[in-house]
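Just remember that our numbering sits 132 ahead of the position in the sequence shown, which is counted from 1. Inspection log for the structure reproduced underneath, given as structure tokens.
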Amino acid sequence: MPAAERQAAADAIAARGLPVEVTPGTIVSGFMPMKTEINPLPLLRKLGGAGALLALPCIAGRGRPLIMRAWKIGDELKAGQWGIREPLPEAPEVAPDIVIVPLAAFDRSGQRIGYGAGYYDMTLAALRAKKKVTAIGIAFAVQEIPQVPVTERDERLDFVLTEQEVIVLS
133 MPAAERQAAA DAIAARGLPV EVTPGTIVSG FMPMKTEINP LPLLRKLGGA GALLALPCIA
193 GRGRPLIMRA WKIGDELKAG QWGIREPLPE APEVAPDIVI VPLAAFDRSG QRIGYGAGYY
253 DMTLAALRAK KKVTAIGIAF AVQEIPQVPV TERDERLDFV LTEQEVIVLS
């Protein structure tokens with residue numbers, strides 16, 4: 133997908149916003165995009181401007197949930213595993229209310245394919261064991277597939293946002 137189309141898709145998602153209420157103080161974790169995946173930063177800027185507290189994931193090690201650390205637009209980031217930018221270790225750990233989830237593919241049953249390490253499944257399971265957490269995948273519409281293979285470790289998404297629509301899954 134050409135860069136201009138990827139940017140237009142990210143902007144369309146940001147313009148629409150989230151399908152759930154975000155009040156000042158709601159903690160929303162996003163992610164830093166890799167390669168050509170959809171860019172959540174326009175959406176995060178909008179949410180931060182509306183009073184949401186933002187967070188980004190940090191990889192704690194294979195087989196472990198992600199650590200979500202507080203982050204503001206413009207904060208210094210460091211290169212983590214695979215070169216993914218993440219908050220500095222001194223940034224406070226937070227427990228998000230809403231997790232914006234990257235994906236490689238998704239289906240309309242709320243399942244997703246990630247990049248194979250299970251980080252988001254482990255993280256959502258750990259967070260959901262403590263409190264209500266809404267998982268929102270964001271993707272390009274072309275990433276939808278008929279059916280994602282499911283395992284007992286997979287955590288369902290509540291919504292998927294694409295440049296074309298909001299898909300309600302819960």
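Built from N, CA and C at the ideal position, the CB exists for glycine as well.
DSSP-derived helix/strand/coil call for residue i
| i | result |
| --- | --- |
| K210 | strand |
| T255 | helix |
| R148 | helix |
| L324 | Past the boundaries of the shown model lies residue 324; the chain is included only from 133 to 302, so the question cannot be answered. |
| V282 | coil |
Residue i versus the options, residue with shortest Cα-Cα distance
| i | options | result |
| --- | --- | --- |
| V231 | Y252, P134, G180 and A141 | Y252 |
| G157 | D229, G195 and L209 | D229 |
| A140 | I277, F272 and L150 | F272 |
| G180 | G162, R194, D286 and M166 | G162 |
| I268 | A146, M133, W203 and P234 | P234 |
| I168 | P197, A236 and V300 | Position check: residue 168 holds Thr in this sequence, whereas Ile was assumed. Looking at the Cα atoms, A236 is the closest of the given residues. |
| G246 | M133, R285 and P151 | R285 |
Rounded C-alpha distance that separates residue i from residue j
| i | j | result |
| --- | --- | --- |
| I191 | R177 | 23 Å |
| R201 | P224 | 5 Å |
| Q243 | D143 | 24 Å |
| A135 | V226 | 32 Å |
| S241 | M254 | 19 Å |
| V282 | G195 | 18 Å |
| V280 | A146 | 26 Å |
| I199 | T155 | 23 Å |
| R138 | V274 | 12 Å |
| F238 | L220 | 31 Å |
| R148 | A211 | 30 Å |
| D207 | L188 | 11 Å |
Contact under 7 Å by Cβ, residue i with residue j
| i | j | result |
| --- | --- | --- |
| K257 | E287 | Sequence inspection shows Ala at residue 257; the Lys mentioned does not correspond to that position. Yes, these two residues count as a Cβ contact at 7 Å. |
| I305 | L293 | No answer is possible for residue 305: it lies beyond the span of the chain, which begins at 133 and ends at 302. |
| P151 | V265 | no |
- Three or more C-beta pairs closer than 8 Å, one from the region 171 to 184 and one from the region 208 to 225: is that the case here? no
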